[in-house]
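Residue numbers (my numbering), protein chains in the order written: chain H, 98 to 523; chain Z, 22 to 452.
Notes to accompany the following structure.
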């Protein structure tokens with residue numbers, strides 16, 4: 098189902114997906130700015146501060162109470178990276194009006210609340226309230242600090258930082274603890290004004306009802322901003338492989354080592370070919386990596402690859418016993434080489450193709466997946482449906498896959514290993 | 022309910038209009054099909070009432086209980102993916118389905134999602150789960166992979182803080198044992214033990230199949246008729262546990278590489294009158310009570326945030342299964358003991374002052390909304406159907422319970438649960 102796309106104003110668009118299959122209405126607002134070290138923290142704190150209040154409900158408790166009255170509607174603040182962009186996200190999810198016990202209007206009321214949070218937050222003397230600011234600064238610092246807790250995600254993040262050192266892609270989406278510490282109610286308010294003036298804005302509304310009231314609400318909100326000057330985003334360039342591969346081992350009290358290998362493109366193939374190549378290599382439980390590194394050699398509990406088309410990068414991550422890290426690493430490289438040499442069967446290609454098509458086709462059946470799909474295209478010139486991307490996979494040939502594999506080069510490895518073992522797996 | 026077809030019963034959820042069909046298949050298997058108009062995908066889940074807590078059980082009316090090593094249900098789940106001729110993943114590769122499986126405390130479930138060739142994928146699912154093949158060699162090979170999985174779990178602070186709490190709360194109930202077992206316990210697993218457990222728990226009378234989405238009862242029945250094997254109606258009974266109401270220890274701490282202390286505060290639930298679980302209405306009431314006590318609109322949440330004692334990771338939940346129930350509060354905090362004291366004080370205050378009607382109304386509406394929203398996606402619907410079946414509840418019982426909830430039920434729980442002597446605090450603190 099193709100979304101209906103309406104321009105609200107310069108650099109801001111509204112995607113309406115009318116769909117009566119779901120129990121909820123979902124409104125996603127993505128506001129994108131280039132991901133830059135000096136501004137990352139002041140932007141990142143905004144979704145968390147904005148969800149605390151609005152003109153009619155000036156404090157967090159009153160606002161949460163109102164959301165409960167709206168059948169437990171949720172406002173979800175988030176910051177994600179989209180290529181070299183930093184997307185400040187606020188998402189409202191409420192039940193659809195059809196399921197209200199007393200025929201109340203729920204979805205539109207919830208959309209109005211979200212709009213008011215973004216455009217009419219409570220400000221004191223031109224800045225965000227001091228106490229709210231201090232609470233959210235503390236929470237953001239704790240969020241950055243806690244990234245170390247889940248080791249698999251942490252290792253992936255470290256690998257990206259190593260691969261993309263000095264590039265926007267390596268900047269933490271939340272910025273740094275030091276930068277957050279320096280924020281004031283006034284500097285954050287300044288960042289908020291800048292966000293509304295210069296961000297590329299994509300609003301996605303998924304509901305069974307009429308979207309025009311929601312469109313108008315946001316149009317009025319944006320009208321209060323005055324003239325906008327949306328920023329331009331640079332597309333990621335192919336990698337200059339002469340810089341050489343980087344290797345980093347860090348030690349911490351862990352039982353299982355996390356090995357993450359990064360591969361960057363030196364010559365980008367078309368996206369469908371890269372997607373299919375990644376699926377064949379490590380995107381499924383019947384991929385080459387799963388079958389060989391985990392099942393045949395029993396070297397790890399998980400070993401899979403993922404492709405980010407905007408960063409033009411493939412990450413292969415695995416959880417291994419440190420003693421097996423060197424073997425696992427070699428086997429991962431062997432499997433990529435095998436794809437480059439065309440050493441895979443037609444059956445393996447077709448399995449990878451079917452899995453990837455299946456994956457894309459399921460997105461439309463889950464509101465959150467479909468919203469993520471369209472948010473992920475915020476910086477693209479053209480918006481495509483998951484069905485369209487699924488169809489594109491049908492024309493990818495064996496040669497396309499080989500060429501895609503030949504266009505990626507090993508860029509580096511990061512390993513998080515335990516402290517007690519004497520030898521190094523590298 | 023009305024007859025639509027021979028054997029199928031139609032079940033309609035009155036508030037949302039969702040419809041599912043139920044069939045008692047002649048092989049003993051209970052089947053649910055929930056067709057969803059306009060969906061491209063289908064989700065199928067085939068589960069057995071057999072999980073990590075089933076380490077002691079009575080089979081075939083034996084007088085003596087059978088004891089098996091911890092982690093065996095999970096081990097069996099891994100090994101069932103390998104049949105004699107081909108692995109299940111290789112078979113699914115031919116249909117494009119995305120397949121997986123999980124082992125919980127009280128169940129093991131095998132599942133897939135597909136947008137094409139449902140009939141073939143369903144055939145694979147029903148066939149491989151019914152075709153065990155274990156040899157010394159294949160069983161030995163899995164020790165390494167599961168060993169890695171256990172080590173990965175040991176590195177997860179969120180998992181450790183939960184299991185440490187379960188061990189602090191429960192003396193005997195096997196919910197205190199990690200689902201994957203330990204490296205030592207899985208070393209005792211042999212092909213004979215796996216076959217023994219398989220034959221006991223994977224009989225179709227002990228199992229359920231749910232298919233949701235782009236599916237029809239006719240197609241599911243056609244595959245079931247062709248693939249399901251008639252088995253004997255074996256009896257298996259979970260061994261009861263004489264679990265005392267008191268906790269094992271009120272506080273437990275583990276050091277791990279984390280940025281700040283993580284905690285779970287748990288109140289052990291005690292089921293009166295020899296009951297094994299709470300009713301759907303009580304479970305909904307528990308969620309409402311937690312929302313009133315510690316939800317984001319509560320005074321407690323606001324005070325803890327102001328004092329810098331919690332952050333947005335703070336949450337609460339009622340977590341239950343056969344013979345166990347826990348009121349959970351958890352998150353990250355610089356001072357978990359202070360959070361525990363504040364929660365305890367707030368429970369006392371609420372008991373003394375009573376629940377304001379407006380607070381109940383708002384939390385009640387929120388809970389109803391959450392239950393309705395849970396039917397949004399096909400995987401959730403499938404999991405709700407099998408959970409209700411294993412718990413002996415009617416399908417979608419939670420929505421009706423949420424719509425009709427009374428303040429008195431919430432007050433009764435407030436006055437009889439969340440007791441100080443049933444409380445334990447688990448902390449994972451930085452090294």
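Backbone N, C-alpha and C define an ideal beta-carbon position, used for all residues, glycine too.
C-alpha gap between residue i and residue j, whole angstroms
i: residue 280 of chain H; j: residue 313 of chain Z; result: 34 Å
i: residue 369 of chain H; j: residue 490 of chain H; result: 6 Å
i: residue 144 of chain Z; j: residue 420 of chain H; result: 40 Å
i: residue 62 of chain Z; j: residue 117 of chain Z; result: 12 Å
i: residue 374 of chain Z; j: residue 329 of chain Z; result: 26 Å
i: residue 159 of chain H; j: residue 378 of chain Z; result: 16 Å
i: residue 198 of chain Z; j: residue 91 of chain Z; result: 7 Å
i: residue 456 of chain H; j: residue 66 of chain Z; result: 18 Å
i: residue 440 of chain H; j: residue 428 of chain H; result: 14 Å
i: residue 276 of chain Z; j: residue 516 of chain H; result: 15 Å
i: residue 290 of chain H; j: residue 136 of chain H; result: 13 Å
i: residue 157 of chain H; j: residue 138 of chain H; result: 22 Å
i: residue 323 of chain Z; j: residue 351 of chain Z; result: 15 Å
i: residue 137 of chain Z; j: residue 60 of chain Z; result: 12 Å
i: residue 205 of chain Z; j: residue 395 of chain H; result: 19 Å
i: residue 242 of chain Z; j: residue 106 of chain Z; result: 26 Å
i: residue 500 of chain H; j: residue 436 of chain H; result: 9 Å
i: residue 332 of chain Z; j: residue 163 of chain H; result: 21 Å
i: residue 102 of chain Z; j: residue 75 of chain Z; result: 21 Å
i: residue 129 of chain Z; j: residue 43 of chain Z; result: 21 Å
i: residue 384 of chain H; j: residue 365 of chain H; result: 22 Å
i: residue 233 of chain Z; j: residue 356 of chain Z; result: 45 Å
i: residue 325 of chain Z; j: residue 434 of chain Z; result: 24 Å
Cutoff 8 Å; reference residue i; Cβ partners in own chain excluding five residues on either side
i: residue 530 of chain H; result: Here chain H covers residues 98 to 523 and nothing more, so residue 530 of chain H does not appear.
i: residue 304 of chain Z; result: 339, 341, 419, 422
i: residue 166 of chain Z; result: 99
i: residue 156 of chain Z; result: 212
Which residues DSSP lists as bridging residue i, in chain order
i: residue 134 of chain Z; result: Z/64, Z/119
i: residue 473 of chain H; result: The partner list for residue 473 of chain H (beta bridge, DSSP) is empty, contrary to what the question assumes.
i: residue 172 of chain Z; result: DSSP lists no partner for residue 172 of chain Z.
i: residue 221 of chain H; result: H/224
i: residue 289 of chain H; result: According to DSSP, which records beta bridges pairwise, residue 289 of chain H is partnered with nothing at all.
i: residue 329 of chain Z; result: DSSP lists no partner for residue 329 of chain Z.
i: residue 36 of chain Z; result: Beta-bridge pairing links residue 36 of chain Z to no other residue.
Per-residue burial, residue i [other beta carbons within 10 Å of its own, 16 or more giving buried]
i: residue 208 of chain Z; result: exposed
i: residue 266 of chain Z; result: exposed
i: residue 246 of chain H; result: buried
i: residue 151 of chain H; result: buried
i: residue 293 of chain Z; result: exposed
i: residue 102 of chain H; result: exposed
i: residue 128 of chain H; result: buried
i: residue 221 of chain Z; result: buried
i: residue 98 of chain H; result: exposed
i: residue 260 of chain H; result: buried
i: residue 309 of chain H; result: exposed
Residues near residue i in its chain [Cβ-Cβ closer than 7 Å; skip 5 each side]
i: residue 227 of chain H; result: 282
i: residue 181 of chain H; result: 131, 132, 265, 266, 330, 331, 333
i: residue 294 of chain H; result: 322, 325, 326
i: residue 189 of chain Z; result: 268, 269, 270, 273, 445, 447
Beta-carbon proximity list for residue i, same chain, < 6 Å, skipping 5 on both sides
i: residue 347 of chain H; result: 513
i: residue 142 of chain Z; result: 116, 118, 133, 135
i: residue 24 of chain Z; result: Caution applies to residue 24 of chain Z, whose pLDDT of 44 falls short of 50 and renders its modelled position unreliable; the value that the coordinates give is listed next. So no residue of the chain qualifies.
i: residue 174 of chain H; result: 144, 145, 148, 187
i: residue 518 of chain H; result: At residue 518 of chain H, the pLDDT of 49 sits below 50, so the modelled position is not reliable and the matter cannot be decided from this model.
i: residue 540 of chain H; result: Summary: the structure shown does not reach residue 540 of chain H, with chain H confined to residues 98 through 523, and so no result is reported for it.
i: residue 187 of chain Z; result: 196, 197
Is the stretch 413–432 of chain Z close to the stretch 302–313 of chain Z, with three or more CB pairs under 8 Å?
Short answer: they touch.
Is it the case that the stretch 345–355 of chain H contacts the stretch 171–179 of chain Z, given that we only count it when at least three CB pairs across the two stretches are under 8 Å?
A contact exists between the stretch 171–179 of chain Z and the stretch 345–355 of chain H.
Could you say if the stretch 381–394 of chain Z and the stretch 257–266 of chain Z meet the contact criterion of at least three C-beta pairs nearer than 8 Å?
Flag = no, the stretch 381–394 of chain Z and the stretch 257–266 of chain Z do not touch.
Count the C-beta pairs between the stretch 104–113 of chain H and the stretch 255–264 of chain H that are closer than 8 Å, then say yes if the count reaches three, no if not.
Flag = no, the stretch 104–113 of chain H and the stretch 255–264 of chain H do not touch.
Between the stretch 37–53 of chain Z and the stretch 246–261 of chain Z, do three or more beta carbon pairs fall short of 8 Å?
Yes, they touch.
Can we say the stretch 201–211 of chain H touches the stretch 223–239 of chain H, given the rule of at least three CB pairs closer than 8 Å?
Cβ pair count under 8 Å is below three, so no.
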